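Engineer: Protein chains in written order, with our numbering: chain A, -6 to 104; chain B, 3 to 117.
Here a beta-carbon is modelled for each residue, glycine too, at the ideal position from N, C-alpha and C.
Being a predicted model, the structure only gives us computed values, none of them experimental.
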Amino acid sequence: SQTIHQWPATLVQPVGSPLSLECTVEGTSNPNLYWYRQAAGRGLQLLFYSVGIGQISSEVPQNLSASRPQDRQFILSSKKLLLSDSGFYLCAWSSGTDTQYFGPGTRLTVL
Amino acid sequence: AQSVTQPDIHITVSEGASLELRCNYSYGATPYLFWYVQSPGQGLQLLLKYFSGDTLVQGIKGFEAEFKRSQSSFNLRKPSVHWSDAAEYFCAVGGEDTGRRALTFGSGTRLQVQP
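1. Which residues, in chain order, does the region 24 to 40 of chain B contribute to contact with chain A at a C-beta distance below 8 Å?
2. Using the three-state DSSP reduction, which class does residue 38 of chain A fall into: helix, strand or coil?
3. Is there a Cβ of chain B sitting closer than 8 Å to that of residue 82 of chain A, yes or no?
4. Apart from the five residues on each side of it in sequence, which residues of its chain come closer than 6 Å, Cβ to Cβ, to residue -5 of chain A?
5. Any C-beta of chain B sitting closer than 8 Å to the C-beta of residue 24 of chain A?
6. From residue 85 of chain B to residue 36 of chain A, what does the alpha carbon distance come to, in whole angstroms?
7. Within 8 Å of any Cβ in chain A, is that where the Cβ of residue 74 of chain B sits?
8. Would you say residue 51 of chain B lies against chain A (beta-carbon separation less than 8 Å)?
9. Mapping DSSP to helix, strand and coil, what is residue 65 of chain A?
10. May I ask you to report which of helix, strand or coil DSSP gives residue 64 of chain B?
11. Using the rule of at least 16 other Cβ atoms within 10 Å of the residue's Cβ for burial, across every protein chain shown, is residue 39 of chain A buried or exposed?
12. Could you tell me how far apart the beta carbons of residue 87 of chain A and residue 24 of chain A are, in whole angstroms, since I believe they sit closer than 8 Å?
13. Please state the DSSP three-state secondary structure of residue 76 of chain A.
14. Would you please state the rounded distance, in angstroms, between the beta carbons of residue 59 of chain A and residue 49 of chain A? I believe it to be under 8 Å.
This is the structure:
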């Protein structure tokens, strides 16, 4: 069966520091991968999606970037964090249909 | 552009009472519709989905939803709510013409269950 992992689970970082969040999927090949951000009390905002290695599409201009160095690995990064980057970051995958399956999320607090 | 509206931000029901969460969507073609549930600090879990066929779909945890094309709605229902159903519920829409793009989510409905 397929599983999706995210780490770290929680992260507290100072403003201006770099960021790297990792997402990996097991049990499937060539998945579509997605990064969402969920601000407190808000819905989900799509940040990036990827249909293959090295193929990244950005949905909104922002301080973040994404990379897909391997088929089942998706990384969210920033060179310098802003206060507004705080939130709950969710990775998701899909394969063949539009059904998306979500990871457990990473809670990021920027101080 | 596709959109999803969940008009109820917060709903409180008594344990054992019935539940209906509303979802209205805007989509130019045949939609794929989803309901997800999120417990505090957790990821989203798929409750049910509609692609085609029978407009009444059954999901996990005793939930069901009915697709009504004429009303552009996909409301979630449960006949008897349990305290463990307290969570946030998200409706989402996608479709054949979205390619590989992601779903569009509503802003969510937070469900509180009173004993």
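Structural biologist: Per the coordinate set shown:
1. 34, 36 and 38
2. Taking the first residue of the first sequence as position 1, residue 38 of chain A is located at position 45. Looking at residue 38 of chain A - three-state DSSP - the assignment turns out to be strand.
3. Start at 1 with the first residue of the first sequence, and residue 82 of chain A comes out as number 89. Output row for residue 82 of chain A: interface = no.
4. The residue labelled residue -5 of chain A in the question sits at position 2 within the first sequence. Excluding positions up to five away in sequence, the list reads 20 and 21.
5. For the purposes of this step, residue 24 of chain A is taken as the residue at position 31 of the first sequence. Output row for residue 24 of chain A: interface = no.
6. Along the second sequence, read from residue 1 onward, the residue named residue 85 of chain B stands at position 83. Along the first sequence, read from residue 1 onward, the residue named residue 36 of chain A stands at position 43. When rounded, the distance between both Cα atoms is 23 Å.
7. Within the second sequence, residue 74 of chain B is the residue found at index 72, counting from 1. Taking Cβ atoms only, chain A never reaches closer than 8 Å to residue 74 of chain B, which makes this a no.
8. Translated into the one-based positions of the second sequence, residue 51 of chain B becomes position 49. With 8 Å as the cut-off, residue 51 of chain B counts as an interface residue toward chain A.
9. One-based indexing of the first sequence puts residue 65 of chain A at position 72. Looking at residue 65 of chain A - three-state DSSP - the assignment turns out to be coil, as it is neither helix nor strand.
10. Reading the second sequence from its first residue, position 62 is the one you call residue 64 of chain B. Helix.
11. The residue given as residue 39 of chain A occupies position 46 in the first sequence. Residue 39 of chain A is buried by the Cβ-count criterion.
12. Mapped onto the first sequence, residue 87 of chain A falls at position 94. Mapped onto the first sequence, residue 24 of chain A falls at position 31. So it is a contact: roughly 7 Å between Cβ atoms.
13. For the purposes of this step, residue 76 of chain A is taken as residue 83 along the first sequence, with counting starting at 1. Residue 76 of chain A falls in the helix class under three-state DSSP.
14. Locating residue 59 of chain A in the first sequence gives position 66, where the first residue counts as 1. Locating residue 49 of chain A in the first sequence gives position 56, where the first residue counts as 1. Confirmed, about 5 Å.
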